[in-house]
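See below for the structure under consideration.
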Amino acid sequence: MRSGFFILTLVSLSFGSPRSVSHEDIRDAILSLVNMFRDSGDKLERHEYRERQLGEQLKKALVGLDKRHRTTDHNLDAIALVVNRLDDRLSGIEKMIAQRDERERIQLQKATDAMENIQSSLQAWMNNVGEKMQASGSQVEGQTEGPGFGARIDSLVTNVEHIETHMREMSEKSAHNEALKLASETLANTASNTERVLSQYENRLAELQANPSAVQTQNSQDWHHIFLAAMEAHQKILQDLKTLTENATNKLSTLPNITEVTGISNSTHELLQEIRYEVTAGTEKGVARLDAKLSEAQTVLGRGQEDMLKTLTDTAVIAEGVYGDITRSYEELLKEVRRSGEVESVLIQTADNVMDTKRRIEYGVHQILLEVGDLVKLHSKELNATMNRRFDNLSSTIVDSHSGAMANLTSKIETEISQVWRQIGIMYQQLTESAGALDRLQQQTETYVNGSLETMGSMGGKVGQITGLMAEMDSNLNYLLGRLSLVTQEFNSIKSDLGSALDNIRHAFISVQKKVKEFGKTGIIPITDSNEDPTADEGNQVSPINVEVQ
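Counting with mature numbering (1 follows the signal peptide of the UniProt record, and there is no 0), you get residues -16 to -1, 1 to 534 for the letters of the sequence shown.
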């Protein structure tokens, strides 16, 4: 009865109490919170990754702009250095041309001085030669011996031939005037090449200025490569200009210098001295020979009148031949003197031509120097002005393009940052909502936990009561088991008694049946006397059942 009551109380408690929060519910709530936090963390990580990518892109864009700005500064510095080098080279070329012109002017002055000296010395020498020729002619007319005079005339002819060859060499030396003309032409060509290069450079800058949009687009991509290529092309053109100027200077260096002119003048003086020495030596030798011949003639005349008479005829013939030879030699001498006069006129004309050529060369060189100086100054000023203007325009275009790019970039960055801030605001709202939901969930969990704690406390009390009842039930069960053991013992005893009683009944029935069979034949059943002892028939009696009801 007590066990059934306990079971009924447990069933009534399980159905009658409200449903408490289990550990599974708490675990599910915690897992949902963890999933929510994980999702919000993933969203935050994605937003942080986007912001990081945006920051890296912004950093790369700023680094690219910085690199472009540095490359533009470096290119501008390189261009400034190239322009300075060009200015230095142009100034060096001007100085070198001025120095070479000064040297050539000095050399030409020295050459003209030497030619004037040569002309004066030749004129004096011709006067001396004329005087000596007149003196020798008068002596020859008074003398009767002709071979020595012919030898002197031959030596004089050879000397005049030497002078003619030397004058031809001097005339060949005048071929350097053509070199001067070529040098002037090369200078003019270099000036034209310089003008052409400057015009190409100005056309290129005009094209760049006429197409600023193309320049900006190209600047945004690889404008510095194209600019460097253009500068390399201009550098090649300037290198060609440099080679042309070097060729011009080399051609100018081929002009006769002062050493050559001095060598020519020295050789001329040496030849003149040789001519003088040969003329004097020839005259002295002729006089000596004439004296020797006269002495021999006097000795021959002193030897004998006979030989004199014999030889008179021979000497007359010889004198006639000698007179003919003398007349012929005198005519040839006159011809040579006339030729020498013609040579003198040719020398004078050559000197005049040399002076005219010198003046023309000096005037041409001076005019070339002035024109080259003016052109160089004008083009240098124009080049500096155009370069300054182009660099100002280039810097302004670069600054405008950079400012436009920076404005576009800042606007894009502002839009991106505004979107990021809007997304951050949305995330903040979501986080606040999730925080509110978490607070509500925490409150609910706290209420559930508190309710579960209360229910657990009540369940603890009930469990304590149940444990007490279980203890009582254990004691009752122990008592019941003891009673059951007693009942079993009594049942066993009853069983044994019933068995013995049934055995007795069976024996009695058997005995009765035997008696019935025995007395059934007569039909009379003997009845015992009351005086008889009742215990005598104990074997036929049934023992009572002793049942003790507790």
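For every residue, glycine included, the Cβ atom is placed at its ideal position computed from N, Cα and C.
Query	Result
Residues in its own chain within less than 7 Å of L74 by CB, not counting five upstream and five downstream?	V360 and S364
Quick one: Cα of S16 to Cα of R424, how far?	14 Å
Within 10 angstroms of its Cβ, does L486 collect 16 or more other Cβ (buried), or is it exposed?	exposed
I'd like to know whether the C-beta atoms of D85 and V338 end up nearer to each other than 7 Å.	no
State the CB to CB distance for the pair M411 and H31, rounded to an integer number of angstroms; the pair is presumed to be in contact (CB under 8 Å).	6 Å
Compare the beta carbon distance of L38 and E400 with 7 Å and say whether it is the shorter of the two.	yes
State buried or exposed for I494, treating a residue as buried only when at least 16 other CB atoms are found within 10 Å of its CB.	exposed
I need the DSSP call for S480, collapsed to helix, strand or coil.	helix
Taking the C-alpha atoms as reference points, what is the distance between G409 and L28?	12 Å
Taking the alpha-carbon of S104 as reference, which of I397, I77, V447 and S329 has the nearest alpha-carbon?	S329
With a Cβ-Cβ cutoff of 7 Å, do K342 and L65 count as a contact?	no
Just to confirm, are I382 and T55 a CB contact at a threshold of 7 Å?	no
Which term fits A62, buried or exposed, when burial requires 16 or more other beta carbons within 10 angstroms of its beta carbon?	exposed
From this set, L415, L464, S480 and K43, which residue's C-alpha is nearest residue 548's C-alpha?	Residue 548 lies beyond the range of the chain shown here (-16 to 534); nothing can be said about it.
Return no unless some Cβ of chain D is closer than 7 Å to the Cβ of R490.	Looking at the structure shown, chain D is missing, and only one protein chain is on hand.
Short of 7 Å in beta carbon distance, which residues of its chain neighbour G388, apart from the five on each side in sequence? Order them along the chain.	none
Output needed for H491: all residues of its chain with C-beta closer than 6 Å, excluding positions within five of it in sequence on either side, in chain order.	none
If T429 and A13 are in contact, beta carbons under 8 Å, what's the gap, nearest whole angstrom?	6 Å
Cutting at 7 Å between CB atoms, please list the residues of its own chain near Q407, excluding the five before and the five after it.	H31
Measure the alpha-carbon distance for L415 versus N434 and round it to whole angstroms.	27 Å
Taking a contact to mean a Cβ-Cβ separation below 7 Å, would you say S6 touches S418 in this structure?	no
Exposed or buried, what is L437 when buried is set at 16 or more other beta-carbons lying within 10 Å of its beta-carbon?	exposed
Do you know how far the Cα of I352 is from the Cα of K79?	14 Å
Alpha carbon to alpha carbon, what distance is there between Y33 and V404?	12 Å
Going by other Cβ atoms of all chains shown within 10 Å of its Cβ, with 16 needed for buried, is E40 buried or exposed?	exposed
Report the rounded CA-to-CA distance for H58 versus D384, giving the unit in angstroms.	19 Å
Going by CA-CA distance only, name the one from I345, E316 and G48 that's closest to E88.	I345
Are there 16 or more other CB atoms within 10 angstroms of the CB of I90, so buried, or fewer, so exposed?	exposed
Quick check on the burial criterion: 16 or more other C-beta atoms within 10 angstroms. Buried or exposed for L362?	exposed
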